[in-house]
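A short write-up of the structure that comes next.
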Amino acid sequence: MDRFDSMRAFARVVELGSFTRAADSLNLPKTTVSAQIGALERRLGVRLLNRTTRSVTATPEGGIYYERVVSLLSDLDETEAAVTASRVEPKGRLRIDMPPAIGHRIVIPALGSFIERYPGIVLEVGCTDRPVDLVGEGIDCVIRGNLIHDEGLVARPLGVFDIATCASPAYLEKYGTPATPMEMENHLVCRLFSPKNRRFFEFDFTKNGVRTNVKGRHVAAYNDIESSLTGALSGLGIVQLPLYILEEHLATGRLTRILTDYATEGVPVNLLYPENRMLSAKVKAFASWSRDLFASTKHVNVAG
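Set out below in structure tokens:
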């Protein structure tokens, strides 16, 4: 039984807290993973895991062993990647997740070029706005907007979305058009809140170096961009969203852009992956392809 395979199995069990989930993530039978852990414990002469009917956790000795194993496997993967990078074709299952708006409007329509370039990669694409546990759910990487403050994740910048403020013609006819951001305090807004911590996002404006944040009044708030957009299209209030989402509705006249004399801070978008996980060839391939894709997307600014 390969010692490194056993170490990988042990690390996955610790990370996922389950033999079944670890086996699924490794595409192995549960009996194989159990046998690998048993062999490790017999060879080391210590118990590495506490097993109950509800969970699996590392023993104190197992915790020490886990930290060393993760470092060792990372070094091994990095060494092998450096040696074989020039000839290895990325392959295998790649599980990714992204917000629905980004997936439906930017990434999924362009996936044909990725699949053609990397025929050995099988994609599993999730489109959610919810917080995702990458390690626990076995997800390789995610695309997320806004700044992410998570010490367990590494962020690769993909770009910055241009932002615009809009409302439907019906709303503006009924309630009038605000001439300044402060006038928006008396207007209805289709306000977004974070699905992670339920924090409400304010409207952002800058002119002549002076920044103004506005809350407005809302009778309905939304935890995803698509719902907020639908609210604005239905005349329920003013919205401030990435311009790539609003563009088609501005072109057809279903939305009208307002407060164009004021700048709005862009929203950064990043590709994220676990800090303690070696960046595989397939994730590197997707990261590189994604950066090129966002660089060629209208209303996305890419530095460098």
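Heads up, the sequence shown is in our numbering, so the first residue is 3 and it goes up one at a time.
Glycine included, every Cβ here is placed at the ideal spot set by N, Cα and C.
At the C-beta level, ARG158 and LEU42 stay beyond 8 Å of one another.
ALA222 is positioned such that its CB atom lies no closer than 8 Å to that of LEU235.
Counting only runs of 4+ residues, the alpha helix (DSSP H) found wholly inside the stretch 138-216 occupies 171-177, in chain order. Short of 6 Å from the beta carbon of ALA287, and not among the five residues preceding or following it, lie these beta carbons of its own chain, in chain order: PRO92 and TYR120. DSSP places LEU113 within a helical segment (H, G or I) once states are collapsed to three.
Rounded to whole angstroms, GLU139 and LEU18 show a C-alpha spacing of 8 Å. Residue range 123-129 is occupied by the beta strand (DSSP E) that includes VAL127.
Under the 10 Å beta carbon count, MET184 is surrounded by fewer than 16 other beta carbons and is classified as exposed. Taking every protein chain shown into account, the CB of ARG219 has fewer than 16 other CB atoms within 10 angstroms, so this residue is exposed.
Between ALA169 and ILE227, the gap from beta carbon to beta carbon reaches 8 Å or more.
Counted as a single uninterrupted DSSP element, the alpha helix (DSSP H) harbouring ALA24 occupies residues 21-28. Relative to LEU243, the option among PRO180, ARG259, VAL15 and ALA37 whose CA is nearest is ARG259.
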